[in-house]
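Numbering (this note's numbering), first residue to last: 51 to 495. Built from N, CA and C at the ideal position, the CB exists for glycine as well. Predicted, not measured: the structure shown is a model, and the values here were computed from it. A short worksheet on the structure shown next.
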């Protein structure tokens, strides 16, 4: 969320050089990151994300009343059912006139008795030398080509004296079809029905639009040490932070069915039961923990027994390298995200949420990206793509991205202080304050 009083920076796509950081070519990134580490393939981020998105097919469709369509994703386009506006309409309260009747915008016209209100059709054309009282939104009568505002006129019995220096054909006239013609594409498939777009759908009579059904997402946090927020964690336990974080992020999305996180211990039978149930009823399963290389990281093996095909395990990113992704026989996407809070936040926002947008049928699935000046120096020594937690700071100048000091991927405090992440592409690099970097916000402003 932007600090109070700040302006929203420009939104850009991830392309081309940004400040001192230059994106490597696809081949360079693959050679740099798609390599063996400790006998395991580590996939380049772009390649891995491409494979994940290739596995995500948009969910089915349904028709819903417009009153329940807010935030849903269009499955079919919406077109203009008629010209917009459908008639020449007045943009002001004033007088409908024929501009040719007034020389230099000055003159006296005959006052007609009729008043035209919005929603009423004109009964007759406007005659030469006449002025007809008209209200905002009303159709202009045939023959009228301009509207003189009330403040540019004076009524004297049955006459109207006009003094409007800007008078010309089209003054304060919203011409028929100038916004759109009948049949024009207004909202494409894949568009999210935000309030302004919902208003347009209503204006053209799309009262039961075809939308993608809500994406069903199951959330599971794994680990013997994980307890609910209301429970006492004891000496060695931790309260579940990742499940509530994912549920909160999804709760603001109308194209997702509300999801309640579930905690499952590191017991193979319980994991198999919980995962089987989750996969059966979901379009996507998001797991936290159990996917690294520890003795109790049981998730990949359990998923294999459930028939989930592994697509990739490990991406060349920091934090979040152990991320796991597979595809169930039902078509459900299964994400095994690292359990450390920072790693989970990064992989959820940068990978899982991107794929969920694809499932929802959104035309644009990539994260929002802002081009912002850096607020403090960064030195990057690793070859992997790096996501640096950062907050937005608005001082005397433009909004800046300021790295949040942190103690590694397990630092939940730093994750909470971040508004998003600075994205540093593959390869070593350094940046100074004022250099422009890519920032991905985690919170919509």
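Cα separation between residue i and residue j?
i	j	result
residue 547	residue 177	Residue 547 cannot be examined here, being either before or after the span of the chain that is shown, 51 to 495.
residue 76	residue 429	Only weak support is given to the placement of residue 76: the predicted model assigns it a pLDDT of 48, under 50, and the question is left unresolved by the model.
residue 350	residue 482	41 Å
residue 191	residue 171	8 Å
residue 329	residue 321	12 Å
residue 422	residue 416	18 Å
residue 141	residue 113	35 Å
residue 272	residue 360	19 Å
residue 362	residue 347	16 Å
residue 250	residue 130	9 Å
residue 287	residue 462	15 Å
residue 137	residue 228	10 Å
residue 388	residue 449	31 Å
residue 145	residue 232	29 Å
residue 276	residue 234	54 Å
residue 465	residue 459	9 Å
residue 274	residue 292	15 Å
residue 260	residue 103	23 Å
residue 490	residue 353	31 Å
residue 281	residue 400	30 Å
residue 246	residue 344	50 Å
residue 166	residue 151	20 Å
residue 91	residue 420	32 Å
residue 230	residue 143	24 Å
residue 248	residue 116	8 Å
residue 216	residue 398	57 Å
residue 493	residue 296	12 Å
residue 476	residue 365	12 Å
residue 223	residue 139	6 Å
residue 300	residue 203	56 Å
residue 323	residue 402	23 Å
residue 406	residue 373	16 Å
residue 262	residue 339	30 Å
residue 467	residue 444	15 Å
Since residue i is in the alpha helix (DSSP H), which residue starts that stretch and which ends it?
i	result
residue 393	391-397
residue 123	No alpha helix (DSSP H) holds residue 123; DSSP gives it neither H nor E.
residue 318	318-331
residue 95	95-104
residue 245	245-253
residue 351	349-355
residue 467	462-467
Looking at residue j and residue i, is the spacing between their C-beta atoms short of 8 Å?
i	j	result
residue 496	residue 484	Lying outside 51 to 495, the shown extent of the chain, residue 496 is not represented and no answer is given.
residue 196	residue 221	yes
residue 123	residue 242	yes
residue 331	residue 435	no
residue 111	residue 125	yes
residue 502	residue 454	The chain is shown from 51 up to 495; residue 502 falls before or after that span and cannot be answered.
residue 478	residue 431	yes
residue 133	residue 264	no
residue 325	residue 356	yes
residue 367	residue 95	yes
residue 369	residue 393	yes
residue 175	residue 193	yes
residue 412	residue 302	no
residue 198	residue 161	no
residue 315	residue 290	no
residue 149	residue 218	yes
residue 164	residue 211	no
residue 213	residue 185	no
residue 358	residue 376	yes
Could you tell me which of the options sits nearest to residue i, measuring between CA atoms?
i	options	result
residue 327	470, 457, 378 and 228	378
residue 209	187, 215 and 183	183
residue 308	298, 231, 317 and 315	298
residue 105	385, 493, 394 and 466	385
residue 381	469, 158 and 333	333
residue 337	390, 489 and 91	390
residue 255	162, 237 and 395	237
residue 538	411, 468 and 472	This structure does not reach residue 538, given that the chain is present from 51 up to 495, and the question cannot be answered.
residue 269	335, 99 and 467	335
residue 442	173, 253, 488 and 284	488
residue 456	437, 447, 474 and 446	437
What residue does the beta strand (DSSP E) around residue i start on, and which one ends it?
i	result
residue 209	209-213
residue 474	470-474
residue 144	144-147
residue 430	428-430
residue 337	334-338
residue 441	435-443
residue 422	420-423
residue 479	479-481
residue 161	156-166
residue 262	260-262
residue 407	Not the beta strand (DSSP E): residue 407 falls in the alpha helix (DSSP H), residues 403-409.
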